[in-house]
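Notes follow the structure.
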Amino acid sequence: MAKITVVGQGDCEFDGEFSMLEALDEGGFDMPYSCRGGNCGACSVRLISGEVVEIQTPVYDSGEGEILTCSCIPVSDVVIELI
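So for the sequence shown, our numbering puts the first residue at 49; every next one is plus one.
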């Protein structure tokens with residue numbers, strides 16, 4: 049299991065959920081999102097450390113160092129920051 053840490057908010061475990069966003073929702077975090085499909089960018093966060101892989105190809109083009117929590121899963125412990 050990978051640990052997801054949200055700067056200033058705490059952490060939760062990723063235990064095979066569909067996406068990081070789903071794991072964060074189940075962990076009690078109030079994460080921003082709209083489409084859950086990689087189309088809008090509302091769930092974009094800054095990846096501070098760790099490694100993720102995309103589970104779906106997003107339409108939205110996030111900025112450098114940013115990821116969409118709806119479109120990826122962690123493959124190591126990660127630290128993210130809301131932007």
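Ideal Cβ placement from N, Cα and C applies to all residues, glycine included.
| Bridge partner(s) assigned by DSSP for proline 122 | Val100
| request: To the nearest angstrom, report how far apart serine 82 and cysteine 91 are at their CA atoms. | output: 7 Å
| task | Give the DSSP-derived three-state secondary structure of threonine 105 in the structure shown. | result | Coil, per DSSP.
| request: Taking only the alpha-carbon atoms, compute the straight-line gap between isoleucine 121 and valine 55 and give it to the nearest angstrom. | output: Approximately 18 Å, taken between the alpha carbons.
| message | Quick check: the Cα distance between glutamate 114 and glycine 86, rounded to an integer number of angstroms? | response | Approximately 13 Å between the Cα atoms of the pair.
| request: Check the C-beta distance from arginine 94 over to isoleucine 128 and give it rounded, since I have them as a contact under 8 Å. | output: 7 Å
| query | Who pairs with glutamate 112 in a beta bridge, going by DSSP? | reply | Per DSSP, none; premise fails for glutamate 112.
| task | With DSSP collapsed to three states, give me the class of aspartate 59. | result | If DSSP states are grouped into helix, strand and coil, aspartate 59 belongs with the strands.
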